[in-house]
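Here the protein sequences line up with chains A, B, C, D and E, keeping their order. Take the first sequence: its letter number 240 is residue 356 in this note's numbering, and every next letter is one higher. Take the second sequence: its letter number 334 is residue 450 in this note's numbering, and every next letter is one higher. Take the third sequence: its letter number 73 is residue 189 in this note's numbering, and every next letter is one higher. Take the fourth sequence: its letter number 79 is residue 195 in this note's numbering, and every next letter is one higher. Take the fifth sequence: its letter number 325 is residue 441 in this note's numbering, and every next letter is one higher. We put the beta carbon where it would ideally sit given N, CA and C, even for glycine. The structure appears right after this line, and notes come after that.
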Amino acid sequence: MTRLVQKRSRKTGLPPGTAVHIGEKKSEQTRIQLLHYDAVQVTERELEDIEDGESLRPGTGVTWVHVTGVHDVALLDKIGRGFGLHPLVLEDISNTDQRPKFEDYGDYIYVVLKMLHDGPSSRDIEAEQVSVIFGKDFVLSFEEAEPTVFDPVRERIRAGRARVRERGADYLAYSLLDAVVDNYFSLLEQVGERMELLQDELLTLPTPRMQQSLHRLRREMVLLRKSVWPLREVLSGLERGRSGLIREDTYIYLRDVYDHTVHVIDTIETFRDMIGGLMDIYLMSLSNRMNEIMKVLTIIATIFMPLSFIASLYGMNFRHMPELDWPWGYPLVLLLMVAVTGGLLLFFRRKKWI
Amino acid sequence: MTRLVQKRSRKTGLPPGTAVHIGEKKSEQTRIQLLHYDAVQVTERELEDIEDGESLRPGTGVTWVHVTGVHDVALLDKIGRGFGLHPLVLEDISNTDQRPKFEDYGDYIYVVLKMLHDGPSSRDIEAEQVSVIFGKDFVLSFEEAEPTVFDPVRERIRAGRARVRERGADYLAYSLLDAVVDNYFSLLEQVGERMELLQDELLTLPTPRMQQSLHRLRREMVLLRKSVWPLREVLSGLERGRSGLIREDTYIYLRDVYDHTVHVIDTIETFRDMIGGLMDIYLMSLSNRMNEIMKVLTIIATIFMPLSFIASLYGMNFRHMPELDWPWGYPLVLLLMVAVTGGLLLFFRRKKWI
Amino acid sequence: MTRLVQKRSRKTGLPPGTAVHIGEKKSEQTRIQLLHYDAVQVTERELEDIEDGESLRPGTGVTWVHVTGVHDVALLDKIGRGFGLHPLVLEDISNTDQRPKFEDYGDYIYVVLKMLHDGPSSRDIEAEQVSVIFGKDFVLSFEEAEPTVFDPVRERIRAGRARVRERGADYLAYSLLDAVVDNYFSLLEQVGERMELLQDELLTLPTPRMQQSLHRLRREMVLLRKSVWPLREVLSGLERGRSGLIREDTYIYLRDVYDHTVHVIDTIETFRDMIGGLMDIYLMSLSNRMNEIMKVLTIIATIFMPLSFIASLYGMNFRHMPELDWPWGYPLVLLLMVAVTGGLLLFFRRKKWI
Amino acid sequence: MTRLVQKRSRKTGLPPGTAVHIGEKKSEQTRIQLLHYDAVQVTERELEDIEDGESLRPGTGVTWVHVTGVHDVALLDKIGRGFGLHPLVLEDISNTDQRPKFEDYGDYIYVVLKMLHDGPSSRDIEAEQVSVIFGKDFVLSFEEAEPTVFDPVRERIRAGRARVRERGADYLAYSLLDAVVDNYFSLLEQVGERMELLQDELLTLPTPRMQQSLHRLRREMVLLRKSVWPLREVLSGLERGRSGLIREDTYIYLRDVYDHTVHVIDTIETFRDMIGGLMDIYLMSLSNRMNEIMKVLTIIATIFMPLSFIASLYGMNFRHMPELDWPWGYPLVLLLMVAVTGGLLLFFRRKKWI
Amino acid sequence: MTRLVQKRSRKTGLPPGTAVHIGEKKSEQTRIQLLHYDAVQVTERELEDIEDGESLRPGTGVTWVHVTGVHDVALLDKIGRGFGLHPLVLEDISNTDQRPKFEDYGDYIYVVLKMLHDGPSSRDIEAEQVSVIFGKDFVLSFEEAEPTVFDPVRERIRAGRARVRERGADYLAYSLLDAVVDNYFSLLEQVGERMELLQDELLTLPTPRMQQSLHRLRREMVLLRKSVWPLREVLSGLERGRSGLIREDTYIYLRDVYDHTVHVIDTIETFRDMIGGLMDIYLMSLSNRMNEIMKVLTIIATIFMPLSFIASLYGMNFRHMPELDWPWGYPLVLLLMVAVTGGLLLFFRRKKWI
């Protein structure tokens with residue numbers, strides 16, 4: 117399961133602006149993918165190390181540097197120097213326990229997001245931190261591990277016919293945000309299906325096992341919520357900020373991602389509501405089941421206790437018990453017992469218990 | 117039941133602005149109805165295909181193109197080119213998993229709504245997406261399937277004496293929104309009746325079956341809420357937006373739909389509150405019922421256990437049990453039993469159990 | 117019981133601005149009371165029909181037309197023409213399923229309110245719609261049925277010494293609003309008393325019947341809330357609107373009604389809180405009661421089951437049971453039984469069950 | 117217990133601005149204390165009646181008139197005329213069912229507060245209404261009954277060395293508000309102690325009696341909340357209002373009372389949260405206790421029912437029951453019984469019931 | 117456990133602005149640490165007493181006076197005079213029951229915070245009040261007791277290479293705030309771990325003991341919330357206030373602490389949500405367990421009651437009971453008993469109870 121809070125203790129007491137990797141180390145190797153494109157051509161390279169940020173930007177077109185793995189602090193420092201990033205930005209990239217946020221540093225805008233996907237054991241949702249930094253002619257993106265949801269974007273750039281090729285770094289950054297938000301929908305789709313299944317089971321035959329499924333669903337919603345809610349502020353902030361780095365015709369796309377995010381949030385809230393409803397259903401089923409069990413017990417006890425009492429009565433060994441000597445004593449007692457049973461059954465039927 | 121989330125997976129990874137039909141295909145055939153009117157005359161045509169948006173607009177009067185079925189992406193593209201729509205608008209029309217919203221593109225305003233009606237099996241509420249686009253002299257409306265709530269509006273236009281004939285495209289668009297919101301009231305009316313019925317049943321004799329009715333009501337409220345809440349923002353946004361496409365004297369009508377929407381929202385919240393109350397009543401009834409069952413069991417057991425014990429006592433086979441030889445032994449024991457029973461009944465009455 | 121939603125189906129499909137009576141027809145006859153006053157004199161008339169609104173306004177003083185019964189749409193139309201009302205206003209007056217609101221039409225202000233009173237069978241709160249329209253020199257008020265809370269205002273005008281006589285139509289309108297809000301207090305007073313009574317009963321001896329009282333209280337709070345919350349917006353809107361129809365020195369009175377409304381809302385929320393608390397108390401009582409019942413059962417069973425077992429043991433018919441022949445067998449067994457009972461009683465006391 | 121709503125029925129139908137005493141009459145006698153001070157001297161007088169407000173204000177220094185008891189409407193009228201108060205103010209002073217509020221009448225500011233203290237039987241919190249009116253050189257304060265929390269302020273004025281002596285009426289008014297808010301803290305201190313005690317009891321041994329204590333705590337929080345929440349608006353309103361009656365250097369003190377009020381509100385909300393937690397604990401304890409009771413019952417029944425059955429079996433009177441004649445029959449049956457008991461005990465231990 | 121409300125009674129009735137120590141006296145000795153630094157050098161001194169604030173500020177560099185222990189009111193007064201603090205500030209420093217807040221007094225800014233750490237018995241979270249005052253060239257900090265979280269900051273200043281040395285008093289103040297907020301994360305980390313552990317236990321085998329752990333977690337969240345929520349306002353207030361005491365390039369750091377605080381708040385709310393979920397799980401487990409217990413009881417009773425009845429039947433002593441004399445009577449009865457048992461077991465299996 118994803119930890120709710122990352123171990124930060126390694127960082128306590130260090131001066132602010134110190135980049136220290138916080139969080140699980142999800143990939144062993146750090147991988148740097150460089151992609152440079154304009155409307156005419158695309159060049160792609162895998163970098164071993166990074167030397168000088170400036171040389172990566174030829175002046176025209178858009179440079180996209182994608183880094184997988186954020187635990188190599190020395191590398192982050194080099195990138196930071198190369199692209200002129202503020203120390204707090206580097207600190208935030210390597211600290212994977214960040215709340216989604218954006219910051220406008222004038223020359224570049226820094227956005228932190230959470231990417232969610234089912235964990236390997238498909239037991240819980242895993243959150244992975246994604247950082248996107250974009251300036252006038254470059255985009256830096258940082259992920260904790262592969263696989264990435266950015267591959268389709270890369271494909272579109274390569275393919276050459278996409279809108280992204282004719283537009284600037286702001287549109288590329290938007291495409292990355294869009295890919296992350298799109299990914300939330302597919303996650304919600306899966307969760308929604310599991311929830312519908314659970315609902316059908318609950319309404320037919322509830323079992324104690326379902327309470328764990330319910331708890332898991334609820335926990336996932338809590339995690340989702342924590343990741344997606346702040347994203348709304350991020351996107352509306354980007355829109356309101358009206359940074360010079362974002363062209364006018366990109367805003368309509370940002371508005372579109374914003375709408376999608378609000379839709380995701382609505383759906384999360386709806387799911388929370390539904391899960392609350394399922395919990396109520398489950399509790400009611402438990403109560404109903406208890407009532408049924410107790411009814412069986414009460415019916416059995418109420419019928420057999422009087423009968424047993426009558427039988428015990430005539431099992432007493434008193435010398436003087438006239439009934440015992442009557443020739444019709446036994447049949448009469450049997451009749452009495454039948455009468456008692458019948459009476460009690462009538463009583464239960466009147467109470468609508470049977 | 118309406119799915120809570122539509123399958124979007126077909127769309128994941130595609131570039132933004134690509135129109136792909138998302139959602140259930142609710143109508144087989146796409147149908148295009150063209151209606152052109154001004155204060156003097158009305159012409160109506162069923163179109164096979166659409167060639168050129170411009171030719172549909174003769175320059176005067178209002179052109180209303182109503183499309184039933186949104187899965188024919190090629191057709192949408194043609195309409196889009198004809199009326200100069202943004203690719204994101206076309207994408208949103210064909211993606212039926214949209215949150216209600218409006219967008220002002222300058223030349224036209226795009227509004228997405230949800231129309232709700234009882235499903236065919238009348239088991240759950242179905243949500244259908246309605247898109248309305250209006251410009252200076254045209255209105256485009258898109259529905260997923262027939263039947264439509266727009267028929268009365270069409271009737272009024274045909275009839276010739278209606279206010280709508282003397283006014284522009286903005287008033288027609290308003291009439292369509294009004295028809296959708298009016299429809300919510302009739303839905304709430306039905307739900308409200310079912311709820312009142314359920315309440316009466318719950319207060320007289322609760323059965324386990326009711327918990328499913330309660331769950332269904334609650335689920336419907338969740339769906340309704342998700343559809344109607346965003347509509348409020350849409351309408352207040354339209355009002356505040358003060359677009360040049362909407363004439364001054366139409367705003368008072370928009371304000372009216374806005375008020376209706378707030379009323380619908382109030383009613384939904386009231387219903388949610390009531391359903392919560394019914395759930396509490398149901399849970400209390402279950403507890404009360406359990407108490408009653410247990411009381412019966414306890415009374416029976418408490419009376420017959422001592423009696424049976426006394427009977428068993430005198431069923432022991434000890435050689436030396438003086439009571440067994442007393443001539444009044446048996447009657448005395450019977451008397452003792454009557455006394456015990458009487459005492460216990462008094463005890464229960466004092467405890468107000470019987 | 118008051119319906120939660122009024123039947124609106126009669127209206128579905130009609131063009132907006134069509135006055136159709138929606139709701140229960142609460143009075144058979146429509147009654148029109150005309151009252152004209154200035155600081156010097158008062159004239160009062162009962163009208164059969166209304167011909168021309170203008171003639172009712174002599175130019176000086178204030179004209180108050182009070183209409184009881186809103187189902188006579190033809191009459192409303194006449195009044196509408198006479199006083200120059202917008203069709204949407206007439207539609208709203210006759211549709212008694214309105215959310216409280218106000219609208220400033222420049223020449224007049226239209227206010228919709230809900231008046232609440234105990235129903236005839238005093239089983240539930242009834243909501244009645246009140247419309248107040250005031251211009252420079254006239255006030256129109258519409259009620260669904262008699263009796264009215266406006267009578268004291270009328271009395272004060274007749275009496276001649278009241279502040280209302282020296283002031284304009286705006287002050288009269290304020291007096292009507294004040295009368296409606298004052299009425300909420302007396303309703304809350306009654307509900308509060310019922311709630312305190314219920315609380316005392318719940319804390320002494322809860323019975324299943326109380327769950328219906330609780331439900332009724334809760335339902336009434338839901339209805340009250342739905343009626344009063346929007347009134348706050350109405351009054352703060354009137355205040356902020358700064359319409360030319362309201363004189364400066366009337367605003368302090370409007371502010372006063374506003375404060376009263378907020379007080380009513382506070383009290384409603386407090387009541388909701390208290391009712392929630394009573395429900396919790398009731399549920400806890402049920403659980404406690406169940407515990408007590410089960411304790412009695414368990415004590416009885418735990419004591420008599422071992423005793424009965426011992427008795428049954430010596431009721432076995434084995435030929436070789438040496439204890440049966442012991443002369444002290446019977447007394448010893450009785451002693452054993454006493455010892456067992458004593459031990460169990462000690463056990464229960466240690467567990468604090470008895 | 118403090119009534120949740122005061123009887124207002126006496127007032128229904130009266131014209132607005134009519135002073136009528138609403139609420140319990142808490143003091144028999146009305147007492148008027150006059151205190152006049154400046155930096156140099158203090159004069160103090162008890163007034164029998166009030167004649168002319170003006171004569172009470174010599175032109176320099178601050179005049180403080182404190183009235184205990186608000187049911188003497190005639191006296192209030194005299195004071196009102198003397199100090200030029202608006203009729204609505206007088207109405208609000210005598211109506212003790214007010215929501216805390218402030219109103220700026222230009223020449224004076226009117227503030228309504230609630231003072232809370234434990235009732236005489238210390239069974240519930242009592243709310244008492246305090247009105248403070250201050251102008252350029254006077255302060256009027258009205259209380260329902262003695263004892264007052266204003267005594268320390270009076271002491272400080274008499275003592276002569278206090279800051280209050282050098283400052284104006286605004287600072288005195290602030291001192292009174294501060295005294296009321298300070299009083300909330302001591303109340304919360306008591307409630308907090310009761311709550312901690314209750315928590316300790318609940319975690320050790322919950323008894324049904326505690327549910328009444330919980331309910332009382334909750335009810336008190338509801339009352340407190342209703343009194344203190346509006347005070348926040350009052351104080352921030354006073355601050356924002358920037359009335360000419362309040363000197364610049366008094367605002368920092370007003371800000372301080374505001375902070376205290378927010379702190380009180382925070383604490384109330386924290387307490388509400390804790391009480392909710394205690395209720396959950398209590399409910400869980402009830403469930404746990406029930407489980408324990410049922411476990412005892414089930415263990416006893418499960419052990420003795422089979423044993424009794426075996427004993428009954430060999431108590432049957434069939435002529436041909438070979439076991440009865442075996443010499444080792446009886447011991448073998450006893451052995452069987454021990455084995456059954458042992459097996460069941462093992463079963464229970466495996467289920468972790470014992 | 118930390119008291120929810122501190123005893124303030126010592127203060128009631130005192131004039132505002134009187135410094136009185138409120139709260140537990142956490143350290144015996146008051147300790148004053150003086151640190152003066154600029155980019156070039158650092159001087160450090162432990163002060164016995166404080167004479168004159170001015171002399172501590174040589175005109176260049178930053179003076180940091182850190183006081184441990186706030187119960188020595190006389191000392192506070194001296195410091196107050198030395199640095200020109202308002203009496204209300206001194207009052208707030210010594211009253212340790214403050215809500216986090218900040219106040220801009222022009223020449224200096226006063227910030228109150230809560231530092232949280234596990235108590236000595238590690239039974240509950242302890243809250244300690246920290247006051248930070250900073251002006252153009254000085255920082256005063258007050259703590260209730262050692263150990264302090266400010267030590268790392270002191271270390272960094274001594275080390276000489278840190279950014280803090282090159283910047284002003286505002287950056288030092290920020291560093292102190294940052295240290296406090298960082299500390300919240302490590303606390304949340306511990307709480308999160310305890311919560312995850314509890315969750316695992318709850319999902320495997322719930323015991324009554326866990327309900328105390330749940331309650332403790334919940335209580336801690338309430339305390340945390342009360343301490344951290346107001347901090348958000350403090351930090352956004354500092355940012356918006358744009359005081360001249362804070363340099364432009366420090367704001368980005370303040371923004372960073374603000375983001376951390378929001379993250380802490382998000383995490384607290386997430387934890388509250390999770391704890392609510394755990395409580396539900398626990399309640400469901402209790403219900404499930406009860407159902408299981410009752411099922412065992414019911415199965416046992418339902419099987420053995422009929423069997424015992426049959427056995428008792430043939431233990432009756434009627435003279436004329438033909439079955440008793442049948443040679444196959446006994447075996448037939450045994451067979452009947454086996455049949456009854458089998459039938460009941462089938463019944464239970466069909467009901468899915470076994």
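Give the single residue among A:Gln327, A:Gly196, A:Thr146 and A:Val189 whose Cα lies nearest to the Cα of Glu262 of chain A.
Put simply, of A:Gln327, A:Gly196, A:Thr146 and A:Val189 the residue whose alpha carbon is nearest the alpha carbon of Glu262 of chain A is A:Thr146.
Could you name each continuous beta strand (DSSP E) segment of 3 residues or more that falls completely within the region 245 to 280 of chain E, going from the start of the chain to the end?
254 to 259
Can you tell me whether Asp267 of chain E is buried or exposed? The criterion is at least 16 other CB atoms within 10 Å of its CB, across all chains shown.
Asp267 of chain E counts as exposed, since fewer than 16 other C-beta atoms from the protein chains shown sit within 10 angstroms of its C-beta.
Per the contact definition of three or more C-beta pairs closer than 8 Å, is the region 323 to 337 of chain E in contact with the region 174 to 191 of chain E?
no
Enumerated in chain order, which unbroken segments of the alpha helix (DSSP H) with a length of 4 residues or greater are wholly contained in the region 341 to 416 of chain C?
none
Exposure label - Gly196 of chain D; buried when at least 16 CB within 10 Å:
buried
Where Gln328 of chain A and Asn433 of chain B are concerned, what is the direct C-alpha to C-alpha distance, given to the nearest angstrom?
In this structure, the alpha-carbon of Gln328 of chain A lies about 56 Å from that of Asn433 of chain B.
Ignore the nearest five residues each way along the sequence and tell me which others in Val454 of chain C's own chain have a CB closer than 7 Å to its CB.
none
Should the region 418 to 426 of chain D be called in touch with the region 421 to 439 of chain C, which here means at least 3 C-beta pairs below 8 Å?
yes
Using only the alpha-carbon positions, how far apart do Leu347 of chain B and Asp234 of chain C sit?
35 Å
7 Å Cβ shell around Lys194 of chain E - same chain, five flanking residues per side excluded:
Here the set comprises Ile166.
Closest by C-alpha distance to Tyr153 of chain B, when choosing among B:Glu140, B:Lys217, B:Arg279 and B:Asp208:
Tyr153 of chain B has its Cα closest to that of B:Arg279, out of B:Glu140, B:Lys217, B:Arg279 and B:Asp208.
Rounded to whole angstroms, what is the Cα-Cα separation between Gly308 of chain E and Asp213 of chain A?
14 Å
Should the region 353 to 365 of chain A be called in touch with the region 294 to 305 of chain B, which here means at least 3 C-beta pairs below 8 Å?
no
Can you give the beta carbon distance from Asp372 of chain B to Leu204 of chain C, rounded, assuming they're within the 8 Å contact cut?
A Cβ-Cβ separation of about 6 Å places Asp372 of chain B in contact with Leu204 of chain C under the 8 Å criterion.
Would you call the region 431 to 447 of chain D and the region 356 to 369 of chain E touching, i.e. three or more CB-CB distances under 8 Å?
no
Can you find a C-beta in chain B that's less than 9 Å from the C-beta of Ile470 of chain A?
no
How is the beta strand (DSSP E) around Tyr287 of chain C delimited, first residue to last?
No beta strand (DSSP E) contains Tyr287 of chain C, which is instead part of the alpha helix (DSSP H) from Ala285 to Thr320.
How many whole angstroms separate the CB atoms of Trp469 of chain A and Ile409 of chain A, which I take to be in contact at a CB cut-off of 8 Å?
Contact between Trp469 of chain A and Ile409 of chain A does not hold, since the beta-carbon distance rounds to 12 Å and is not under 8 Å.
For Lys217 of chain A, report the span of its beta strand (DSSP E) as first-last.
Lys217 to Asp220
Under the rule that 16 or more other beta-carbon atoms within 10 Å means buried, what is Gly200 of chain D, buried or exposed?
exposed
Does the region 329 to 349 of chain E come close enough to the region 300 to 307 of chain A to have 3 or more Cβ pairs within less than 8 Å?
No contact exists between the region 329 to 349 of chain E and the region 300 to 307 of chain A.
For Met410 of chain B and chain A, any beta-carbon pair shorter than 9 Å?
yes
Tell me the rounded alpha-carbon separation between Val269 of chain E and Lys342 of chain A.
31 Å
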